[in-house]
DNA sequence: TAGATTGTTAATCGATTAACAATC
DNA sequence: TAGATTGTTAATCGATTAACAATC
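Residue numbers (the numbering used here), protein chains in the order written: chain X, 748 to 955; chain H, 748 to 955.
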């Protein structure tokens with residue numbers, strides 16, 4: 748369920764504001780969704796609310812966190828240390844959700860041995876061994892489009908079961924492997940699409 | 748339509764491979780979707796295919812590109828130049844889609860004046876003026892969660908109508924402003940959710 | 001003409017949400 | 001008891017996709 752992390756974020760915010768109880772209405776507002784949807788989503792986890800009262804924030808944080816596995820340790824390998832890979836390597840937002848960058852891998856010999864944060868970049872030749880040694884569960888692909896599928900294949904055969912892909916290409920992975928894609932250009936393109944529809948061109952023949 | 752950029756990416760790939768004609772079946776395969784969906788999406792743009800033959804790749808690139816506004820110039824302002832903001836400022840994938848980083852803005856006086864790529868970071872005090880001067884249409888929010896809403900408000904009142912938000916917070920924007928969110932921790936969390944469901948814990952009481 | 005493939009209809013599926021009985 | 005709010009049903013909505021007539 749893709750909305751659970753959003754609820755967790757809102758709940759953690761409430762908890763840090765010392766709020767002890769929250770209604771589905773309020774949680775929905777904070778999370779930017781419909782209240783009925785919140786209740787339905789939460790009821791899927793179990794019957795954790797109290798009619799007439801609402802949900803206990805602390806208890807719900809525990810339950811949602813447990814469902815999402817945030818208390819687990821998720822070692823992550825980042826493949827490709829261009830600008831984006833570096834930003835991810837230095838990103839401190841992962842820690843609180845159980846993610847830990849365990850290894851940095853790049854194919855460029857010039858980058859191998861370089862320190863980024865507290866880690867040292869290792870060669871792509873060692874991909875399989877760092878995955879095995881670090882019990883890496885998640886791979887982040889921040890390579891060029893050209894090498895992304897090859898990297899994904901190697902991650903999968905090394906045992907990685909979750910891949911977050913930043914390369915602008917459609918990857919194929921076997922059943923049982925989770926894949927998500929973030930394509931920054933595409934996000935911008937979707938965003939401006941609506942704008943362009945409303946106010947096309949600004950060129951040539953005027954339309955208004 | 749959020750799939751158009753995916754089709755465009757596949758079509759550009761075909762074009763660079765000198766492929767002149769493509770069927771909905773093949774385009775669907777390359778884009779990772781259903782063929783009927785491709786035909787339906789494309790028919791919304793107009794009747795650009797030929798029955799029994801397929802679609803002309805070059806022509807379709809033009810039509811989809813025009814629909815998406817890729818030939819237009821989209822000046823972008825990046826607010827917040829931490830690791831992520833820097834990576835975005837240096838990212839070269841934007842150019843081919845019509846996006847151009849026109850200004851870099853940060854609230855930290857220590858960063859103002861610094862050169863990143865070909866641009867110089869300016870103070871947040873000048874946000875409104877750089878937006879106006881550069882006719883900036885798109886704002887990228889790469890600040891902390893705490894300042895994101897304030898930045899978004901200022902972008903909107905300065906005239907920005909499309910916002911891409913990387914801060915881990917739900918932003919509210921008025922009608923007519925497009926908003927998309929990319930939360931990296933959340934992507935990872937959604938990703939590992941399915942994995943965690945299949946193989947929970949690895950702690951305490953064994954379940955298998 | 002026979003084969004291929006589009007464009008579009010209509011059926012299917014799943015997600016969203018209003019509504020309300022249950023109940024604190 | 002009266003008010004509030006959950007959990008869940010059932011209706012609604014929109015998106016997906018199979019199927020096929022149109023037609024190159």
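For glycine and all other residues, C-beta sits at the position ideal for the given N, C-alpha and C. If you're wondering where the values come from, they're calculated on a predicted model, not measured in any experiment.
Give me the DSSP bridge partner(s) of residue i.
i	result
residue 927 of chain X	X/911
residue 847 of chain X	X/822
residue 871 of chain H	According to DSSP, which records beta bridges pairwise, residue 871 of chain H is partnered with nothing at all.
residue 862 of chain X	X/867
residue 796 of chain X	X/802
residue 853 of chain X	X/870
Would a C-beta distance cut-off of 9 Å place residue i and residue j closer than the cut-off?
i	j	result
residue 688 of chain H	residue 841 of chain X	Chain H is shown from 748 up to 955; residue 688 of chain H falls before or after that span and cannot be answered.
residue 943 of chain H	residue 819 of chain X	yes
residue 754 of chain H	residue 774 of chain H	yes
residue 957 of chain H	residue 901 of chain H	It is not possible to answer for residue 957 of chain H, since the shown part of chain H is limited to 748 through 955.
residue 758 of chain H	residue 807 of chain H	yes
residue 854 of chain X	residue 870 of chain X	yes
residue 769 of chain X	residue 750 of chain X	no
residue 878 of chain H	residue 868 of chain H	no
residue 752 of chain X	residue 930 of chain H	yes
residue 824 of chain H	residue 881 of chain H	yes
residue 875 of chain X	residue 904 of chain X	yes
residue 910 of chain X	residue 777 of chain H	no
residue 783 of chain X	residue 771 of chain X	yes
residue 850 of chain X	residue 866 of chain X	yes
residue 788 of chain X	residue 748 of chain X	yes
residue 793 of chain H	residue 786 of chain H	no
Where do the ends of the alpha helix (DSSP H) carrying residue i lie?
i	result
residue 809 of chain X	804-815
residue 753 of chain X	751-763
residue 827 of chain H	Here residue 827 of chain H belongs to no alpha helix (DSSP H), and DSSP marks it neither H nor E.
residue 770 of chain X	No alpha helix (DSSP H) contains residue 770 of chain X, which DSSP labels as neither H nor E.
residue 922 of chain H	Unbroken run through residue 922 of chain H: none, as it is neither H nor E.
residue 896 of chain H	892-905
Name the two residues that bound the continuous beta strand (DSSP E) containing residue i.
i	result
residue 916 of chain X	Per DSSP, residue 916 of chain X belongs to no beta strand (DSSP E) and is neither H nor E.
residue 886 of chain X	885-888
Hey, is residue i close to the ligand FMN, as in C-beta under 8 Å from one of its heavy atoms?
i	result
residue 862 of chain X	This structure lacks the ligand FMN; in fact it carries no ligand of any kind.
Short of 9 Å Cβ to Cβ, which residues in the region 893-923 of chain H face chain X? 908, 909, 910, 911, 915, 916, 917, 918, 919, 923
Is it the case that the region 843-855 of chain H contacts the region 875-894 of chain H, given that we only count it when at least three CB pairs across the two stretches are under 8 Å? yes
Three or more C-beta pairs closer than 8 Å, one from the region 914-927 of chain H and one from the region 889-900 of chain H: is that the case here? yes
Pull out every residue of the region 768-802 of chain X whose Cβ sits closer than 8 Å to any Cβ of chain H, in chain order. 777, 778, 779
Does the contact criterion of 3 or more C-beta pairs under 8 Å hold for the region 861-870 of chain H versus the region 798-818 of chain H? no
Does the region 827-835 of chain X come within contact of the region 830-840 of chain H, defined as at least 3 CB pairs closer than 8 Å? yes
Could you name the residues of the region 921-945 of chain H whose beta carbon sits closer than 7 Å to any beta carbon of chain X, in the order they occur along the chain? 925, 927, 929, 931, 932, 933, 934, 935, 936, 937, 938, 939, 940, 941, 942, 943
Using a Cβ-Cβ cut-off of less than 9 Å, give me the residues of the region 871-888 of chain X that come near chain H, in sequence order. 884, 885, 887
Name, going along the chain, the residues of the region 801-816 of chain H whose beta-carbon falls closer than 7 Å to a beta-carbon of chain X. 815, 816
Give me the subset of the region 837-853 of chain X whose CB atoms are less than 7 Å from a CB atom of chain H, sorted by chain position. 837, 838, 840, 841, 844, 846
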